[in-house]
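Worksheet for the structure shown next.
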Amino acid sequence: MSMHVFQLFINGHSLNSVEAVDTLLKICRENLNGNYQLEIIDIQKDPDKAEEAGIIAIPTLIRMEPTPVNRIIGALNVRSRVLAGLGISSMHVTV
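Residue numbers for the sequence shown follow full-length UniProt numbering, so the first one is 1 and each next one is one higher.
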């Protein structure tokens, strides 16, 4: 399995940002078997990095690897939307 590299741009401890972090961490832990790197960037603490990446809305998730680079903008609390946007097949079985 190839390494997945993500950048997640958030805005402090807002509800959408907290949900985005939680959802992405669960997806990574359950589906990527440790084959991921996640950089969480708070735009309040690092606005220059957000500007360099062309961030226009929060939260924004960028999959850097594997290519092609892909962005998911907005609500990241819907697991199925994030999985589909990242092209990850869910291995988690819900009962």
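By construction, the Cβ of each residue, glycine as well, lies at the ideal position given by its N, Cα and C atoms.
All figures in this text were calculated on a predicted structure; none of them were measured in a lab.
| Item | Value |
| --- | --- |
| Using the DSSP secondary-structure output, state which residues sit across from residue 65 in a beta bridge. | 5 |
| Can residue 11 and residue 17 be called in contact, C-beta distance under 8 angstroms? | yes |
| For residue 88 and residue 77, what's the separation of their Cα atoms in angstroms? | 16 angstroms |
| Expressed to the nearest angstrom, what Euclidean distance is found between the alpha-carbon atoms of residue 49 and residue 67? | 21 angstroms |
| Compare the Cα-Cα distances from residue 25 to each of 74, 56, 47 and 61 and report the closest residue. | 61 |
| What three-state label does DSSP hand residue 46 in the structure shown? | coil |
| Hey, out of 64, 79, 52 and 73, whose CA is closest to residue 58's CA? | 73 |
| Please tell me whether residue 32 and residue 13 are closer than 8 angstroms, where the distance is taken between their beta carbons. | no |
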